[in-house]
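Peer 1: The opening residue of the sequence shown carries number 311 in my numbering; numbering runs sequentially from there. A virtual CB, placed ideally from N, CA and C, is assigned to each residue, including glycine.
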Amino acid sequence: MQVVFDHVSDEAKNIATFYFKPETPVKYTAGQYIELALPHADADKRGQKRWFTLSSSPTDPLLSITTKFAADGGSTFKKTLRQLQPGNKVSMLGPMGDFVLPKLVQTPLVFVAGGIGITPFHSMLSWLAASNEDRPITMLYGVSSEDEIIFQETLDKAHQHVTIVVANPSPAWGGERGRITAELIMGIGQPSEDSLVYVSGPEPMTESLSKDLVRSGLNKQQLVVDAFPNYTIAY
Ligand SMILES: Cc1cc2nc3c(=O)[nH]c(=O)nc-3n(C[C@H](O)[C@H](O)[C@H](O)COP(=O)(O)OP(=O)(O)OC[C@H]3O[C@@H](n4cnc5c(N)ncnc54)[C@H](O)[C@@H]3O)c2cc1C
Numbered sequence: 311m312q313v314v315f316d317h318v319s320d321e322a323k324n325i326a327t328f329y330f331k332p333e334t335p336v337k338y339t340a341g342q343y344i345e346l347a348l349p350h351a352d353a354d355k356r357g358q359k360r361w362f363t364l365s366s367s368p369t370d371p372l373l374s375i376t377t378k379f380a381a382d383g384g385s386t387f388k389k390t391l392r393q394l395q396p397g398n399k400v401s402m403l404g405p406m407g408d409f410v411l412p413k414l415v416q417t418p419l420v421f422v423a424g425g426i427g428i429t430p431f432h433s434m435l436s437w438l439a440a441s442n443e444d445r446p447i448t449m450l451y452g453v454s455s456e457d458e459i460i461f462q463e464t465l466d467k468a469h470q471h472v473t474i475v476v477a478n479p480s481p482a483w484g485g486e487r488g489r490i491t492a493e494l495i496m497g498i499g500q501p502s503e504d505s506l507v508y509v510s511g512p513e514p515m516t517e518s519l520s521k522d523l524v525r526s527g528l529n530k531q532q533l534v535v536d537a538f539p540n541y542t543i544a545y
């Protein structure tokens, strides 16, 4: 599908949300992703296409994606994304994917976001709020530092139990410190036999947490994972 770039909004110093207007309304489910193509000359080996979760709610008029930029601007793809001008037409494939809320509304959910892995949860929580639907959710959100916390307003409005865990906090930080571990998830999330644990974030984080959660006694069937490749650190 063709979409028109509308505007960009900075969420943090190295994280931004890009908004696109579809030519015709797009149907999707909160948590799904698209493939964005940005043709550009001298592309690096990572190429001209990337997958991004739609951070918008299906009830929003615009589609949005939210991404993190490396200190040097990152890949040629990310540099091209940064240079988009309002009115530019780009193409997207999808939406697709099954990292979506379960059909049964009473299923207890534990959401685990590592850094930029918050995007599908932002879409789901925004959609739940817009639809006046209540679900039993406990959320853990890990960031490397406080200035990388994004979507605070959506988290506040969701009225869910959210624990933010900061890996390298300032002395003033009064919340949880360190990295999200399986122990912390089992302790705070307290998944029961019918809970589902959704884990989203950079691949190094989702891989190690998934293994540790299963080692800690979580049934593999209870895990729903969204892994973001190419990010080299956990978050
Ligand atoms: C289903 C799915 C959903 C996703 N959703 C999101 C999302 O919502 N938001 C999101 O940000 N990403 C998402 N991703 C990941 C996304 O597709 C990219 O892989 C990711 O953003 C990294 O982008 P990049 O490769 O352009 O690297 P960058 O973001 O530019 O950099 C990432 C790291 O790689 C290094 N690096 C950059 N370029 C190179 C290079 N050429 N060679 C070696 N190292 C390099 C950087 O220095 C940095 O450390 C998703 C992926 C999948 C599969």
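If you drop the 5 nearest sequence neighbours on each side, which residues of the same chain put their C-beta closer than 7 Å to that of LYS467?
Peer 2: ALA439
Peer 1: Grouping DSSP H, G and I as helix and E and B as strand, with all else coil, what is ILE460?
Peer 2: coil
Peer 1: Please tell me whether, using a cut-off of 7 Å, the distance from the CB of SER291 to the nearest non-hydrogen atom of ligand 1 is below it.
Peer 2: The displayed coordinates of the chain run from 311 to 545. Any statement about residue 291 would go beyond what the structure contains.
Peer 1: Could you please give the first and the last residue of the uninterrupted alpha helix (DSSP H) stretch that includes SER319?
Peer 2: Segment 312-322 is the beta strand (DSSP E) holding SER319; no alpha helix (DSSP H) there.
Peer 1: Where does the unbroken alpha helix (DSSP H) through ASP370 begin, and where does it stop?
Peer 2: Careful: ASP370 lies outside any alpha helix (DSSP H) and carries neither H nor E.
Peer 1: With PRO430 as the anchor, note down where its alpha helix (DSSP H) starts and where it stops.
Peer 2: 429-440
Peer 1: Counting along the chain, where does the alpha helix (DSSP H) carrying ASP352 start and finish?
Peer 2: From DSSP, ASP352 is part of no alpha helix (DSSP H); its letter is neither H nor E.
Peer 1: Over what stretch of residues does the beta strand (DSSP E) that includes ASP536 continue unbroken?
Peer 2: Under the DSSP assignment, ASP536 falls in the beta strand (DSSP E) whose first and last residues are 533-538.
Peer 1: Tell whether a beta-carbon distance below 8 Å holds between LYS337 and VAL313.
Peer 2: Not in contact: LYS337 and VAL313 (Cβ atoms no closer than 8 Å).
Peer 1: Helix, strand or coil for LEU465 per DSSP?
Peer 2: helix
Peer 1: Alpha carbon to alpha carbon, how far is SER436 from GLY357?
Peer 2: If I take the Cα positions, the gap works out to 32 Å.
Peer 1: DSSP on PHE379, reduced to helix/strand/coil?
Peer 2: In this structure, PHE379 counts as coil in the three-state DSSP scheme.
Peer 1: Which same chain residues end up closer than 8 Å to MET496 when comparing Cβ atoms and leaving out the 5 residues on each side of it in sequence?
Peer 2: LEU523, SER526, GLY527 and LEU528
Peer 1: Do the segment 383-401 and the segment 411-425 meet, that is, are 3 or more Cβ pairs less than 8 Å apart?
Peer 2: no
Peer 1: Give me the DSSP bridge partner(s) of VAL507.
Peer 2: For VAL507, which the question treats as bridged, DSSP gives the partners VAL420 and LEU533.
Peer 1: What is the DSSP secondary structure of GLY499, reduced to helix, strand or coil?
Peer 2: It is helical.
Peer 1: How would you call ILE543, buried or exposed, if buried means at least 16 neighbouring beta carbons within 10 angstroms?
Peer 2: exposed
Peer 1: Hey, out of PRO539, SER401, PRO396 and ALA423, whose CA is closest to GLY452's CA?
Peer 2: ALA423
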